[in-house]
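In what follows, a single structure is set out as structure tokens and then discussed.
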Amino acid sequence: MKAKIIIAGGIVFLLLTWWAVIDISKKDFGSIITKALWGFTAMIPFLGPLIYFAIGYRKGKKIVPNS
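Sequential numbering of the sequence shown, starting at 1157, is according to the working numbering.
Written out as structure tokens, the structure reads:
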């Protein structure tokens, strides 16, 4: 039973990490260094995605493709 809970929690945090990294790749943070720092932050196990979604999510602007 405990193993199932741990595996489920791991999957949730893995999905959050992927979501954060994909979101970071689609946004402009003003500089490549800032973008890289948010990327590294998102990769910190367990806390990284939570920090990104709490603080960094609103800082980036969506990149609009030129038509």
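By construction, the Cβ of each residue, glycine as well, lies at the ideal position given by its N, Cα and C atoms. Just so we're clear, the structure is a prediction, and the values are computed from it rather than from any experiment.
- [ ] Determine which residues share a DSSP beta bridge with Lys1218 and list them.
- [x] Answer by DSSP bridge pairing, in chain order: Lys1183.
TODO: Could you tell me if Pro1205 is buried or exposed, where buried requires 16 or more neighbouring beta carbons within 10 angstroms of its beta carbon?
DONE: Buried is the call here.
- [ ] Classify Trp1174 as buried or exposed, calling it buried when 16 or more other Cβ atoms lie within 10 Å of its own Cβ.
- [x] Counting the other Cβ atoms within 10 Å of the Cβ of Trp1174 gives fewer than 16, which makes it exposed.
Open item on the list: Quick test of the definition: if touching needs 3 or more C-beta pairs under 8 Å, does the region 1177-1185 touch the region 1158-1168?
Closed with: Touching, no.
TODO: Express the C-alpha separation of Phe1202 and Asp1184 in angstroms, rounding to a whole number.
DONE: Their Cα atoms are separated by approximately 24 Å.
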